[in-house]
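S.K.:
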Amino acid sequence: MLGRLQNRYDVVVVGGGPAGLAAAIGARDAGAGRCLVVDREPEAGGILLQCIHSGFGLHHFKEELTGPEYAQRFFEQALEHDIDVVPESYVSGIGIDSDGTRRVRVLNETRGLHTVDCRSVVLAMGCRERTRGAIRIPGTRPAGVLTAGLAQKFVNLMGYLPGRRVAILGSGDIGLIMARRLVLEGCEVVGVFELMPYSNGLTRNVVQCLDDFGIPLHLSTTVTAIEGRDRVSAIHVAPMGPDGRPDLQRQRRVECDTLLLSIGLIPENELSASLGIDLDLVTRGPRVSSTLETSLPGVFACGNVLHVHDLVDFVTGEALRAGRHAGEHAQGIRMARDNITLVAGDNVRYCVPHTLSTGREHTIFMRCKEPMKPCEIVVGDRMRKRLSFVVPAEMIMFTIKPDALEGYHEDTLRIDIRPLEGAGRRATDAAGQGGAA
Amino acid sequence: MQDRLYDVAIVGGGVIGCAIARELSRYRLDVVLLERNAEVGFGTTKTNSGIIHPGHDTPVTTLKGRLVVRGNAMFDQLQRELNFGFQRIGALTWVRDEADVPVAMDLIRQGLDKGVPGLEWWDQARLRREEPNLARDLIGAIHAPSGGVINPYEFAFALIESAMKNGVELRVDCPVSSIGTRDGHLEVGTPMGPVAARFVLNCAGVHCDDIARMAGCDDVRIVPRKGEEFMLDKRLHGIVRRLVFPLPNRKTKGTLIIPTYDGTIMVGPTAHDVPDKEDVATTNAGAAEIFDYVGRLCPSIHPSDAITAFAGLRAVSDTGDFIIGPTSQKGFLNVAGIQSPGLTSAPSIAEFVRDLLCDEGLELQPRADFDPHVEGPPRFATRSHEDQDALVAADPRFGRIVCRCELVTEAEIHAAIDHGARTIDGVKFRCRAGMGRCQGGFCTSRIVTILSERLGIPPEQVTKRGGGSWILLPMDDAGGGDEAGGTPDGATGAEVEAC
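Just so you know, the protein sequences line up as chains A and B, in that order.
Mapping to numbering that gives the first Met the number 0: the first sequence position 416 is 415, numbers consecutive.
Mapping to numbering that gives the first Met the number 0: the second sequence position 403 is 402, numbers consecutive.
#1: With a threshold of 7 Å on Cβ separation, who are the neighbours of M382/A within its own chain once the five nearest residues in sequence on each side are excluded?
#2: Could one say the Cβ of F309/B lies closer than 9 Å to chain A's Cβ atoms, at least one of them?
#3: Tell me, please, whether the CB atom of S172/B is closer than 9 Å to any CB atom in chain A?
#4: On the criterion of 16 or more Cβ atoms from any shown chain inside 10 Å, does A345/B qualify as buried, or is it exposed?
#5: My understanding is that P340/B touches G54/B, with C-beta atoms under 8 Å, so please give their C-beta distance in whole angstroms.
#6: Note down, in chain order, each residue of its chain lying with its Cβ closer than 6 Å to the Cβ of V390/A, except the 5 sequence neighbours on either side.
#7: Apart from the five residues on each side of it in sequence, which residues of its chain come closer than 7 Å, Cβ to Cβ, to L209/A?
#8: In the DSSP assignment, what are the bridge partners of S119/A?
#9: From V175/B to A37/B, what does the alpha carbon distance come to, in whole angstroms?
#10: If contact means a Cβ-Cβ distance below 9 Å, which residues of the region 283-311 of chain B contact chain A?
#11: Is the beta carbon of G179/B sitting closer than 9 Å to the one on E168/B?
#12: Threshold first: 3 residues or longer. Then list the beta strand (DSSP E) segments lying entirely within the region 323-386 of chain B, N to C.
#13: By the three-class DSSP mapping on this structure, what secondary structure does D6/B have?
#14: Of the residues L57/A, I93/A and M124/A, which one's Cα is nearest the Cα of E40/A?
#15: DSSP has E34/A in a bridge; who is on the other side?
#16: Is there contact here, the region 136-151 of chain A with the region 107-119 of chain A, by at least three beta-carbon pairs under 8 Å?
#17: Would you call the region 238-258 of chain A and the region 287-303 of chain A touching, i.e. three or more CB-CB distances under 8 Å?
#18: Which residues in the same chain have their Cβ closer than 8 Å to the Cβ of I300/B, if we skip the five residues on either side of it in sequence?
#19: Pull out every residue of the region 189-207 of chain A whose Cβ sits closer than 9 Å to any Cβ of chain B, in chain order.
#20: Just the C-alpha distance for E187/A and E68/A, rounded to the nearest angstrom, thanks.
#21: Is DSSP giving C430/B helix, strand or coil here?
#22: List the DSSP bridge partners of C374/A.
#23: Between K276/B, K164/B, R224/B and V273/B, which has its C-alpha nearest C17/B's C-alpha?
#24: Rounded to whole angstroms, what is the Cα-Cα separation between V315/B and S303/B?
#25: Which two residues bound the contiguous alpha helix (DSSP H) that contains A310/B?
#26: Please list, in chain order, the chain A residues whose beta carbon lies closer than 8 Å to that of W93/B.
#27: Looking at the C-beta of L149/A, does it have a partner C-beta in chain B at a distance below 9 Å?
#28: For P352/A, decide whether its Cβ has a neighbour in chain B, counting only Cβ atoms nearer than 9 Å.
#29: Out of curiosity, what's the CA-to-CA distance linking Y349/A and K384/A?
#30: Please report the distance separating the alpha-carbon of L126/B from that of R135/B.
#31: With burial defined as no fewer than 16 other Cβ atoms inside 10 Å of the residue's Cβ, what is the status of A321/A: buried or exposed?
#32: Could you compute how far the alpha carbon of L194/A sits from the alpha carbon of L454/B?
#33: Can you tell me which residues form a DSSP beta bridge with L260/A?
#34: Which two residues bound the contiguous alpha helix (DSSP H) that contains T448/B?
#35: Report the option in D410/A, M0/A and L145/A whose CA atom is closest to the CA atom of T340/A.
#36: As an exercise, report each continuous alpha helix (DSSP H) stretch of at least 4 residues that is fully enclosed by the region 240-266 of chain B, in chain order.
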């Protein structure tokens, strides 16, 4: 029920974006009784609500939806599953009693600081955008420097423009989507500047949002200074030199009144850190077992708080599983403990989950460090999977079947991505399938 | 309005102008403060390191050396009256080289002679015990328990609020264009028309020389000395517990590690003279300088911990000291060259200026109804759970979190506006909304909306900090004309109502 907040639940989900809603549904499907989703915004749905472009749901629903449409389906499903969804509420802390009861402190205007008892918790707080301070762009501090996501909120939710003449630093998906959006609204987008020699967004977004609109993408280029007293008046950009620093000799000035930043997303794990949960320094999300359980028993994590995804469809799949396991945990069902630790090997930046158990099927998400084509994923001596290409911007998902790990007695299992010599066969659908931001 | 003759017109609403305004508000005087920006404290004050210096390092032969210790001692009462963020966390001046120990001992002696309380030498063992995260090669430090940290902008906001409560008039967006004489008094030219006053105080910070020149006094020279600072992630909270100073050199008190009042760590400032009085750009060189230095002093601090950087300009006079006193223009007084320890000295400078005005013939009749108190802004994040619950019960707006990084509620945004905030920065510096790790990514849109509703202006007229610092445009304005996006009313002078 929308807005109902009871004192006791089986599962409490922190965050009502796509991950949180799916996790609650997964918990109910697994037989959990009462489930609560706490969301800080006036409406559940998370960042999808400001993603009014289409391209969501191609994998999960086999149809193309807008962000709000995708969110609406899960919101309705959540209510059909008799899940309590409480908006405009903030989880300010979680305590654990000696008997294992989790006590979630929820703040909202009607109940004040209200404590909710539960058996399992799912963390689904999402992520935030990296800011100017994190990359220390020198220069003045005028109005007009903002993250692409904030600009998206201005345009799509408030109905205002962030500026007239816009430069974009970073080629993350939100930046690419916003380049197109601003051109459609009559703004001039003077260019997208990307530090790396390749885009950090999905290939399909580069094509559909930049190429189709004639917006230049300047690779291996970065912003070296910001000018303007009250409002941005120009930026300075320079190509990256061979020493990995901007080549200031070739610096040039680009006039603009706005600089959007699309320079990466950071999982919001301040609550997780306050619980003492082990975090992975690479993903900046919790370390999780094959049941997506964190280092704190009964506390699960999914979605962008666990690791930053590119496709909401993958978030949904992961969250349904996390919710299912949280629901089982709430009913006292315990899985056999994991017995294998995954090790990120050659050209693997990270893989999630961090541990596996023999005897079960596992879905592995991972990202490469560098683009490579054609190549293969090598899972110890147990499994190989060919891919036509991998790029850091596109998450790789694959399954390890139970028989692949049969009779495996090592403590660790290493995953590498290795180049394949010669022209590769057509890739499996593990990567390179495109999708929406 | 032109006919009104003020007793005192203060040019400049930095912390010095605000402190003087508040001091003069104790007396039956007509006082007006003229500020060129949209709010007070938006110049050097806002970028100040926020340190209340113990004062042992400034020699008593200078004016600042005499004013600083008195200023420091005044802050306890000021905080009780004005409720700004201030805490005496103590200051350390470290020594790495045996040869510098005598210098440190001289500073201790100098400080004790000046009446700096509690100064003592900490040897290496004591220093390591008290501050275990500092570099192992430091051999000792001067500990000054009276050193403190303060939110300098909160101090300025509280001073002006108190002054206005006691009758001082504030005009913002009000740059001064001329200073002349007329009918035996001074006349200050502003976009809102001339302001007539018996006395004019030049508290214009880095612009003091320009203002003095308008009054026909060509004897003040100000060089802007830039300081860049870096604010670090709260992850580092507690890494040092006290202010960490090097031994001072002639030009600056050096680069510091500052555990701010709000629990973040700040590192800086640099000290480089710049030609441009508006040059508050941060630089790569500044970042490298600070982080190289800090890395050697506190190895756990890494450049990637920076969440934001900013720069400010110290107003450095050619005498190297404060320049406070009458000029060749009768009634025109300079309060110039107020660099470090200017913030610490602000309250004692205000008293000093009051006495100068008295000497110059201003009658000071205390107001019987002077009320020294202003309520501090409400703070939700730091309260106990019981208090938080009670706050929400009393006002449901405390139950709505606007800024998730710093846990700032909607009630606090409204309180900031009640207490005078008119811009995004005004809100941010009053209640911390937008100061955290996401730097306003999540809350800016909500704050724009609240400001727009409260000020009765459309969202496109809400600014970051006044002037041309617009934030958004109406949808139909994208390819529009080329008129620069100043505030539609032109930002040329506004009277601020007392709050």
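Yeah, the Cβ is synthetic: ideal placement off N, Cα and C, and Gly gets one too.
M.R.: To lay it out plainly:
#1: Cβ neighbours of M382/A beyond the five flanking positions: I399 and A403.
#2: It does: the Cβ of F309/B has a partner Cβ on chain A nearer than 9 Å.
#3: It is Asp, not Ser, that sits at residue 172/B in the sequence shown. No, no contact with chain A.
#4: Counting the other Cβ atoms within 10 Å of the Cβ of A345/B gives 16 or more, which makes it buried.
#5: Contact holds; Cβ gap of about 7 Å.
#6: Excluding five sequence positions before and after V390/A, the CB atoms of its chain that fall closer than 6 Å to its own CB belong to P370, given in chain order.
#7: Around L209/A: L175, A178, V191 and L216.
#8: The secondary-structure analysis by DSSP pairs S119/A across a beta bridge with V10/A.
#9: Spanning the two alpha carbons is a distance of roughly 14 Å.
#10: Per Cβ criterion, the list reads N283, A284, G285, A286, P302, S303, A305, I306, T307, A308, F309 and A310.
#11: No, the Cβ-Cβ distance between G179/B and E168/B is not below 9 Å.
#12: The beta strand (DSSP E) runs lying completely inside the region 323-386 of chain B and spanning 3 residues or more are 331-335, given in chain order.
#13: Here D6/B carries a strand assignment [DSSP, helix/strand/coil].
#14: Of L57/A, I93/A and M124/A, the residue nearest in Cα terms is M124/A.
#15: The sequence shown places Cys at residue 34/A, rather than the Glu named in the question. The beta-bridge partner set that DSSP reports for C34/A consists of V10/A.
#16: The region 136-151 of chain A, when compared against the region 107-119 of chain A, does not touch it at the 8 Å Cβ threshold.
#17: No, they do not touch.
#18: Answer for I300/B: L231, L235, I238, I256, I264, V266, F290, V293 and G294, listed in chain order.
#19: With the criterion set as a beta carbon lying under 9 Å from some beta carbon of chain B, the region 189-207 of chain A has no members that meet it.
#20: Each residue's alpha carbon lies about 29 Å from the other.
#21: Correct three-state label for C430/B: helix.
#22: Its beta-bridge partners are L386/A and P418/A.
#23: Residue nearest to C17/B within the set K276/B, K164/B, R224/B and V273/B is K164/B (criterion: CA-CA distance).
#24: In a straight line, the C-alpha of V315/B is about 32 Å away from that of S303/B.
#25: Where A310/B is concerned, there is no enclosing alpha helix (DSSP H), although the beta strand (DSSP E) it sits in stretches over A305 to S316.
#26: By Cβ distance, chain A contributes nothing, its closest Cβ being about 26 Å from W93/B, past 8 Å.
#27: So, interface residue.
#28: For P352/A, the answer is no, since every Cβ of chain B falls outside 9 Å of its Cβ.
#29: Each residue's alpha carbon lies about 17 Å from the other.
#30: If you take the alpha carbons of L126/B and R135/B, they lie about 10 Å apart.
#31: Residue burial annotation: A321/A is buried, with at least 16 other C-beta atoms found within 10 angstroms of its C-beta.
#32: C-alpha separation (whole angstroms): 41 Å.
#33: For L260/A, which the question treats as bridged, DSSP gives the partners T146/A and L168/A.
#34: Under the DSSP assignment, T448/B falls in the alpha helix (DSSP H) whose first and last residues are T443 to L454.
#35: When only C-alpha atoms are compared, the closest one is D410/A.
#36: You should have found no qualifying run.
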